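Trainee: Got a structure here, written out as structure tokens. Questions coming.
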Amino acid sequence: MSNKGVKRASPGAESEKNPLGDVELTDEDAVKLQAIQKDVARVELALERRAQEKMVPVYEKRRAVVKAIPKFWPVALMNHSLLALHAQHSSDQAALSYLEDLWIVRDAKESRCFTLEFHFKENPYFSNMVLKKEYKFIPPPVEGDNKADADGITETMLEFSWERDVQPQTVKIDWKDDSKNLTKLHPRVTDEDDDLPSEGGSFFNFFEVADDPFDVGVTIANDVFPEAIEYFLGHAGGEDVDSDDEDDSDDDENEEEIDLEKPRPKKQKKA
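Take any residue in the sequence shown, count from 1 to its spot, add 18: that is its number in the working numbering.
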């Protein structure tokens with residue numbers, strides 16, 4: 019075979035290709051970087067907690083105003099594409115149309131945990147005036163010094179894990195009639211081969227089933243609730259439902275599946 023046209027690598031060519039390839043991190047420097055990262059996390063958490071406290075009176079002021087606006091919260095929720103996907107049934111939307119107030123109460127010890135309160139007016143579906151979804155804080159074992167700093171931040175808080183330290187709760191819905199029992203009419207269907215349900219079913223499974231595999235509660239608490247006016251006006255939302263690869267959209271056109279961006283489930287069939 020001829021070697022014509024093939025250039026022979028010059029000495030040191032490999033190192034010239036990647037002049038940053040020989041960077042090594044010492045154990046001492048790694049410890050220092052980790053300490054800085056922890057300092058950053060501490061300050062960010064302190065700012066987040068402070069911002070949440072400062073926003074409470076603003077949200078209370080908003081609460082009083084939007085109560086006078088018909089269907090404010092149902093419209094705001096349905097203008098978020100993820101939530102609209104999980105309330106596709108017309109009966110879900112009809113029941114949600116009786117929602118007149120939505121409030122969030124954050125855990126006093128761990129503000130990243132919270133309880134969502136859905137306040138309903140009299141309706142033909144259920145007798146509960148308030149449906150709550152609590153994401154209960156389960157404190158992990160404390161190791162070593164866990165004394166709070168000047169901002170109230172402890173070492174344990176910096177190690178917070180949603181999967182480990184949070185336990186979603188359920189609430190019993192007092193359905194007025196079996197014909198109105200939406201979670202029985204549209205149950206959540208589990209998939210043995212997937213961590214996610216194959217069918218989400220009724221939106222109200224969110225209350226009666228502890229697990230929240232599609233992060234509906236987190237989406238409401240951290241996205242829709244803070245920006246409720248923007249969602250009501252239609253200025254926010256719509257970016258959460260998307261495909262993993264736009265090039266595959268034509269091929270999947272006839273499939274009954276929709277990809278969701280995270281707080282992202284992998285794929286969910288239409289309910």
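From the three backbone atoms N, C-alpha and C, an ideal C-beta is built for every residue, glycine too. From a predicted model like this one, the values you see are computed outputs, not experimental measurements.
For the structure I just gave you, are there three or more beta carbon pairs, one from the segment 224-232 and one from the segment 54-65, closer than 8 Å?
Mentor: Counting Cβ pairs under 8 Å, fewer than three are found: no touch.
Trainee: Do F132 and L117 come within 7 Å of each other at the CB atom, strictly closer than that value?
Mentor: In this structure, F132 does not lie closer than 7 Å to L117 by Cβ.
Trainee: Name, in chain order, the residues that DSSP records as bridge partners for I122.
Mentor: Answer is L134.
Trainee: Whole angstroms are fine: how far does the CA of F243 sit from the CA of L114?
Mentor: Approximately 16 Å between the Cα atoms of the pair.
Trainee: Give the straight-line distance between the Cα atoms of F250 and K127, rounded to the nearest whole angstrom.
Mentor: Roughly 31 Å between the two C-alpha positions.
Trainee: I want to know whether the segment 218-229 touches the segment 186-198 - three or more CB-CB distances under 8 Å.
Mentor: Taking 8 Å as the limit for Cβ pairs, the verdict is that the segment 186-198 does touch the segment 218-229.
Trainee: Give me the residue from G252, A239 and H253 with the minimum Cα distance to L120.
Mentor: With distances taken between Cα atoms, L120 lies closest to A239.
Trainee: Count the other CB atoms, across all protein chains shown, that sit within 10 Å of the CB of R81; report buried if there are 16 or more and exposed otherwise.
Mentor: R81 comes out exposed.
Trainee: May I ask you to list the residues that DSSP assigns as paired with L77?
Mentor: Sequence check: residue 77 is Tyr here, not Leu. According to DSSP, which records beta bridges pairwise, Y77 is partnered with nothing at all.
Trainee: Which whole-angstrom value describes the C-beta separation of D110 and F224, a residue pair presumed to lie in contact below a C-beta threshold of 8 Å?
Mentor: That pair is no contact at about 10 Å.
Trainee: Rounded to the nearest angstrom, what separates K79 and F144 at their Cα positions?
Mentor: Using only the alpha carbons, I get a separation of about 29 Å.
Trainee: Between L101 and T237, how many whole angstroms is the CB-CB distance? I'm expecting something under 8 Å.
Mentor: 7 Å between Cβ atoms; contact.
Trainee: By the three-class DSSP mapping on this structure, what secondary structure does E210 have?
Mentor: Of the three classes helix, strand and coil, the one that applies to E210 here is coil, per DSSP.
Trainee: Please classify E226: does DSSP put it in a helix, a strand, or coil?
Mentor: E226 falls in the helix class under three-state DSSP.
Trainee: For E177 and P157, what's the separation of their Cα atoms in angstroms?
Mentor: In a straight line, the C-alpha of E177 is about 11 Å away from that of P157.
Trainee: What does a CB cutoff of less than 7 Å around K89 pick up in its chain, not counting 5 residues either side in sequence?
Mentor: S115, listed in sequence order.
Trainee: Can you round the beta-carbon distance between G219 and T201 to whole angstroms, since I take them to be within the 8 Å contact cut?
Mentor: Yes, they are in contact, since the Cβ atoms of G219 and T201 sit about 7 Å apart, within 8 Å.
Trainee: Determine the contact status of S108 and R67, defining contact as a CB-CB distance below 7 Å.
Mentor: It is not a contact, given that the beta carbons lie outside the stated cut-off.
Trainee: What did DSSP end up calling P186 once you bin it into helix, strand or coil?
Mentor: Strand.
Trainee: What is the DSSP secondary structure of Y153, reduced to helix, strand or coil?
Mentor: Y153 falls in the strand class under three-state DSSP.
Trainee: DSSP state of L251, grouped into three classes?
Mentor: Coil at L251, not helix or strand.
Trainee: Our contact map puts V123 next to F136 with C-beta atoms below 8 Å; I'd like the distance itself, whole angstroms only.
Mentor: With 8 Å as the limit, V123 and F136 do not qualify as a contact, their Cβ atoms being about 12 Å apart.
Trainee: Which residues does DSSP pair with F221 in a beta bridge?
Mentor: Its beta-bridge partners do not exist; DSSP assigns none.
Trainee: Can you tell which of H204, K154 and K198 has its C-alpha closest to the C-alpha of V184?
Mentor: The candidate whose alpha carbon is nearest that of V184 is K154.
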